[in-house]
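Data first, discussion second: the structure below is written as structure tokens.
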Amino acid sequence: MTEAFYITAAELAKLSPDSLPRELDSGKHMIYSSPATLDFNSPGAKGFGVKRAGLAIPGSVMLLIAPGCCGRNTQLLNELGYSERFFYLMLDDTDIVTGRYVSKIPEACEELLSELDCTPSVIMLCVTCVDALLGTDMERVCRACFDRTGVKAAPAYMYALTREKRLPPMGLIRKSVYSLLERRKRISNECAVLGFFSALDDGCELYSLLQSAGIKKIHELGRCKTYEEYQAISRSNFSIVLNSEARAAAQDMQERLGIPFIELTRMFRLDKIANQYRLLGQAIGAALDDSAYRADTEQVIAGFKAKYGALTLAVGESLNADSFELALALTEYGFRVAEIYGTVGERNFVFVKRLAEVSPETKIYSNLSPTMMNYKPAPEVDAAIGADACYYHAGKPGVEFNGEAQPFGYRGVTALFGELDKALQGGRGK
8 MTEAFYITAA ELAKLSPDSL PRELDSGKHM IYSSPATLDF NSPGAKGFGV KRAGLAIPGS
68 VMLLIAPGCC GRNTQLLNEL GYSERFFYLM LDDTDIVTGR YVSKIPEACE ELLSELDCTP
128 SVIMLCVTCV DALLGTDMER VCRACFDRTG VKAAPAYMYA LTREKRLPPM GLIRKSVYSL
188 LERRKRISNE CAVLGFFSAL DDGCELYSLL QSAGIKKIHE LGRCKTYEEY QAISRSNFSI
248 VLNSEARAAA QDMQERLGIP FIELTRMFRL DKIANQYRLL GQAIGAALDD SAYRADTEQV
308 IAGFKAKYGA LTLAVGESLN ADSFELALAL TEYGFRVAEI YGTVGERNFV FVKRLAEVSP
368 ETKIYSNLSP TMMNYKPAPE VDAAIGADAC YYHAGKPGVE FNGEAQPFGY RGVTALFGEL
428 DKALQGGRGK
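See the structure below:
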């Protein structure tokens, strides 16, 4: 029986993002959808996949234009209260072969509106790999829908085929969601935080640091309750991008609305967090004093290590972190990372190279490789981080660390160790 494919950090670091082993490139093999990957494998699955993300605009509805096989997992989102915001234009074989359904989309939007009690703020047109292969001009389709209904329409590209491309589905949907913002007068003491569809953890120090710099209003999509609050994002004097997948959206906002942006990265290494805040302060012309937050976080890590010692961990990718950066941080803190389940690309390859220096024997698996059907968990793992890692190491203490409130900065680090502490004390955590 073939064992699950893995490559060590040392072996992978000798390669490049363009010369990955076949098993780490999902475009070169059949994709394995194990129970460990159902939350994130498809860009339309649970969590903030394309479909749920497209409904982040308050008052929006979605028309899913797809064959039945692509729409089946929408039922998973009904549990979250979205059932009355989804509508379907189901495609048959003839529709797909001829592309005739494209001309039916404006009519379907009109029918959709007739079934609603109130007019939505926007109709999100969710399309699948069918339209990626056909090359459908969705911008033109959206204009046709607006001309017919008088309601704005925007595309939501659920293109699983572009997962490893420079602008993957979650990057495209971020650009689309912010594309409806209209130019307004910018206010000097307001800014926007881009990157996630839900808000940052309430305890995140970024809020207080910005307030200390004179920022009175911080706009976040995840905190918008009305369409007017969504449109008020356009008043921002600048944007802070916390997720590289929002870069295209920020660039578009800069070009259309004149809102410049500053990009930070969600990291779990304290020196990198401190350096980012230093650079942010320089960019906005304010001295951001993060020393107290760093000192508190150092105490949390030291206390955890004193309590549990040098644990051996497994790190997945179904979590609010970059698998490889988090694994590197944990290794530098003195823990051992035995296994990582993650998608390797240009953005995180730099972490792979550094990880190879400090933990060369760490094994790297691809959740999507069919060989994972034969995966056997490493017995030395003490705890797992990430929903997929928890699945693979069932019965071991673990934290999924993929809740709605987004961790960032020092608060992200303390939240992670707090959850791990609870899991190790009393069984599996969430």
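FYI, the numbering used here numbers position 283 of the sequence shown as 290, with every residue one higher than the one before it.
Glycine is no exception: its CB is placed at the ideal position from the N, C-alpha and C atoms.
Let me check understanding here. Comparing Cα to Cα, which of the options lies closest to residue i?
{"i": "residue 392", "options": "198, 363, 176, 429", "result": "429"}
{"i": "residue 216", "options": "256, 285, 248", "result": "285"}
{"i": "residue 194", "options": "209, 222, 178", "result": "222"}
{"i": "residue 362", "options": "374, 187, 143, 346", "result": "346"}
{"i": "residue 187", "options": "141, 29, 234", "result": "234"}
{"i": "residue 348", "options": "22, 98, 31, 71", "result": "31"}
{"i": "residue 73", "options": "191, 141, 28", "result": "141"}
{"i": "residue 288", "options": "247, 397, 304", "result": "247"}
{"i": "residue 155", "options": "120, 137, 163", "result": "120"}
{"i": "residue 394", "options": "384, 381, 410, 273", "result": "410"}
{"i": "residue 11", "options": "17, 18, 39", "result": "39"}
{"i": "residue 137", "options": "122, 108, 128, 240", "result": "108"}
{"i": "residue 202", "options": "182, 311, 218", "result": "182"}
{"i": "residue 249", "options": "421, 283, 262", "result": "283"}
{"i": "residue 91", "options": "110, 122, 106", "result": "122"}
{"i": "residue 209", "options": "261, 422, 433", "result": "422"}
{"i": "residue 397", "options": "424, 378, 324, 103", "result": "324"}
In its own chain, which residues sit with a C-beta less than 7 Å from the C-beta of residue i, not counting the 5 before and 5 after it?
{"i": "residue 344", "result": "320, 322, 334, 337, 338, 366, 369"}
{"i": "residue 317", "result": "341, 342, 343"}
{"i": "residue 384", "result": "399, 400"}
{"i": "residue 149", "result": "132, 160, 161, 162"}
{"i": "residue 27", "result": "351"}
{"i": "residue 280", "result": "274, 416, 417"}
{"i": "residue 127", "result": "66, 67, 68, 158"}
Report yes if the CB atom of residue i is closer than 9 Å to the CB atom of residue j, and no otherwise.
{"i": "residue 407", "j": "residue 326", "result": "yes"}
{"i": "residue 229", "j": "residue 205", "result": "yes"}
{"i": "residue 135", "j": "residue 165", "result": "yes"}
{"i": "residue 184", "j": "residue 63", "result": "yes"}
{"i": "residue 35", "j": "residue 29", "result": "yes"}
{"i": "residue 272", "j": "residue 332", "result": "yes"}
{"i": "residue 220", "j": "residue 293", "result": "yes"}
{"i": "residue 19", "j": "residue 359", "result": "yes"}
{"i": "residue 65", "j": "residue 237", "result": "yes"}
{"i": "residue 68", "j": "residue 93", "result": "yes"}
{"i": "residue 305", "j": "residue 277", "result": "yes"}
{"i": "residue 191", "j": "residue 139", "result": "no"}
{"i": "residue 371", "j": "residue 9", "result": "no"}
{"i": "residue 95", "j": "residue 59", "result": "no"}
What span of residues does the beta strand (DSSP E) with residue i cover, start to end?
{"i": "residue 344", "result": "343-348"}
{"i": "residue 243", "result": "243-248"}
{"i": "residue 268", "result": "268-270"}
{"i": "residue 370", "result": "370-372"}
{"i": "residue 10", "result": "No beta strand (DSSP E) contains residue 10, which DSSP labels as neither H nor E."}
{"i": "residue 94", "result": "93-97"}
{"i": "residue 176", "result": "Note, residue 176: premise wrong, no beta strand (DSSP E); alpha helix (DSSP H) at 176-185."}
{"i": "residue 141", "result": "From DSSP, residue 141 is part of no beta strand (DSSP E) but of the alpha helix (DSSP H) over 136-141."}
Using a Cβ-Cβ cut-off of 8 Å (strictly less than) and excluding sequence neighbours within five positions of residue i, which residues of its own chain qualify?
{"i": "residue 244", "result": "193, 194, 195, 196, 197, 198, 266"}
{"i": "residue 436", "result": "For residue 436, the pLDDT reaches just 43, beneath the cut-off of 50, and the residue's location in the model is therefore unreliable, although a value from the coordinates is still provided. Within the same chain, residue 436 has close Cβ partners 404, 405, 406, 407, 426, 427, 429, 430."}
{"i": "residue 152", "result": "112, 113, 116, 130, 132, 158, 160"}
{"i": "residue 212", "result": "297, 300, 416, 417, 418"}
Tell me the residue span of the alpha helix (DSSP H) that contains residue i.
{"i": "residue 72", "result": "Careful: residue 72 lies outside any alpha helix (DSSP H), inside the beta strand (DSSP E) at 68-73."}
{"i": "residue 398", "result": "394-399"}
{"i": "residue 331", "result": "330-339"}
{"i": "residue 211", "result": "Per DSSP, residue 211 belongs to no alpha helix (DSSP H) and is neither H nor E."}
{"i": "residue 304", "result": "298-315"}
{"i": "residue 121", "result": "112-121"}
{"i": "residue 232", "result": "Run containing residue 232: none; DSSP gives neither H nor E here."}
{"i": "residue 284", "result": "277-291"}
{"i": "residue 359", "result": "356-365"}
{"i": "residue 4", "result": "Lying before the first or after the last residue shown, residue 4 is absent from the chain, which here runs from 8 to 437."}
{"i": "residue 197", "result": "Careful: residue 197 lies outside any alpha helix (DSSP H), inside the beta strand (DSSP E) at 194-201."}
{"i": "residue 105", "result": "100-105"}
{"i": "residue 156", "result": "145-156"}
{"i": "residue 321", "result": "Element bounds for residue 321: not the alpha helix (DSSP H) but the beta strand (DSSP E), 319-322."}
{"i": "residue 163", "result": "First-last for residue 163: 160-164, but that is the beta strand (DSSP E), not the alpha helix (DSSP H)."}
{"i": "residue 423", "result": "416-433"}
{"i": "residue 61", "result": "57-61"}
For the ligand SAM, is there a heavy atom less than 8 Å away from the beta-carbon of residue i?
{"i": "residue 273", "result": "Within the structure as shown, the ligand SAM is missing, as the structure has no ligands at all."}
Which residues in the same chain as residue i place their Cβ atom closer than 6 Å to its Cβ, once the five residues preceding and following it in sequence are excluded?
{"i": "residue 179", "result": "164"}
{"i": "residue 177", "result": "252"}
{"i": "residue 227", "result": "200, 206"}
{"i": "residue 355", "result": "329, 331"}
{"i": "residue 290", "result": "269"}
{"i": "residue 389", "result": "318, 319"}
Cβ pair count under 8 Å reaching 3, the segment 416-428 against the segment 295-306: With the cut-off at 8 Å, the segment 416-428 and the segment 295-306 touch.
Decide if the segment 395-410 is in contact with the segment 255-266; the criterion is three or more beta carbon pairs, one per stretch, under 8 Å apart. They do not touch, by the three-pair rule.
Flag this pair as touching only if the segment 59-75 and the segment 98-111 have three or more C-beta atom pairs under 8 Å; answer yes or no. Taking 8 Å as the limit for Cβ pairs, the verdict is that the segment 98-111 does touch the segment 59-75.
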